[in-house]
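Encoded as C-alpha cells, the structure appears first; notes follow it.
Numbering (the numbering used here), first residue to last: 74 to 339.
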C-alpha cells in the first residue's frame, strides 16, 4: 500500500511518519510539508491513501487538497489528521475515508488501514487495465480501449510495456520515439509533452498507478496490469493468451521479441 502524508508542521509530520513505518501493510511513504508539492507529486504518482492535516497555513487547506487529489487520483482514499474535531463534518462532506484526532497513535492509524485494505485489494483486482501485445498493441480499461489523441503517447506506453518494468531513461525513450529527429533538445521537449499526456490519460481513467516516475526515468509497473505477453512469458503454453506470430505489430522496435517468441514455437 502506497501512502502520502501532508502536514505543514514538521514535528507532527515526523511523528506520523514513524507510525506509518510501523504498519506492515504500508510499503511506501512519501511526506510533504507543502501541499503544492504533494499535489505536483500526485500528478505523476497515484497513492492508495493520503493522510492530510486539515488546518495548514499554506496556499490550500487539507479539505481543498483532498478534493484536488481525488480529482487527479479517483481511487485514492483520504484520511484527515487534525487537532480540531470540529472539522469532522467537513471531512464527512468530502466523503473522507477516515478521521484521526492528533496526536495520532499507531492504534488509530492501524484501525483505518485495516478498514481500507480490503477495499484497496478488491479495487486493484477489479480495475486493472488489460494490455494487449499480441497482434497490434492496445490498452483497455473496463472493456474500453484508452483514447490517445497523440499516437506517440500510445507508442510510449507500448514501449514501457515492452521493457517489462525496467526503468527507461529520458534519453532512451527520446531516441526510440523520435529517431528521425536530430535535434536533441527538440526530442527532449517532445518527450516531456508525451509523458505529461500519458499521465493525463491514465489519471483520467484512474489508473495512473500503472507507471512509476522518478527523476529522469519512467517504467511500467507489471503487477498493476493484466498483460497477454507477461502471462505468456510466465505460463508458456498453459497461458490463456496464445501468441499468433505477431507482437506489437505496428512498432518496428518490437521485432526482436516477435522473433524470439516465433522461435519458441518451432
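No residue lacks a Cβ here, since even glycine has one placed at the ideal position from N, Cα and C.
- Counting every other CB atom within 10 Å of its CB across the protein chains shown gives residue 301 a total of 16 or more, marking it as buried.
- Per the C-alpha coordinates, the member of 282, 328, 291, 329 positioned closest to residue 242 is 291.
- Between the beta-carbon of residue 121 and that of residue 182 there is about 14 Å, and that puts the pair past the 8 Å contact cut.
- Here DSSP, grouped into helix, strand and coil, assigns residue 192 to helix.
- Counting only the Cα atoms, residue 323 lies some 14 Å from residue 249.
- The criterion of a C-beta distance shorter than 8 Å is satisfied by residue 219 and residue 278.
- Remark: three or more beta-carbon pairs, one from each stretch, lie closer than 8 Å, so the stretch 171-180 and the stretch 83-93 are flagged as touching.
- By the neighbour-count criterion, in which a residue is buried when 16 or more other Cβ atoms sit within 10 angstroms of its Cβ, residue 226 is buried.
- DSSP, reduced to helix, strand and coil, places residue 112 within a helical segment of the structure shown.
- When DSSP states are grouped into helix, strand and coil, residue 175 belongs to the coil group.
- A contact between stretches requires three or more CB pairs, one per stretch, nearer than 8 Å, and the stretch 315-330 meets this requirement with the stretch 201-217.
- Here the stretch 137-150 lies against the stretch 108-126, with 3 or more beta-carbon pairs under 8 Å apart.
- Residue environment analysis places residue 139 among the buried positions, since at least 16 neighbouring C-beta atoms fall within 10 angstroms of its C-beta.
- Residue 294 is positioned such that its CB atom lies closer than 8 Å to that of residue 282.
- Setting aside the 5 residues that flank it on each side, residue 202 is surrounded in the same chain by 212, 214, 280, 298, each with a C-beta closer than 6 Å to its C-beta; the list follows chain order.
- In this structure, residue 98 sits away from residue 184, with a CB-CB distance that is not shorter than 8 Å.
- CA-CA distance, residue 261 to residue 127, rounds to 39 Å.
- Taking the C-beta atoms as reference points, residue 171 is found nearer than 8 Å to residue 152.
- Looking at the DSSP output, residue 125 shares a beta bridge with 79, 153.
- For the pair residue 174 and residue 100, the Cα-to-Cα distance works out to about 24 Å.
- With 16 or more other CB atoms across the displayed protein chains lying within 10 angstroms of its CB, residue 125 is buried.
- The continuous stretches of beta strand (DSSP E) do not include residue 314, and DSSP gives it neither H nor E.
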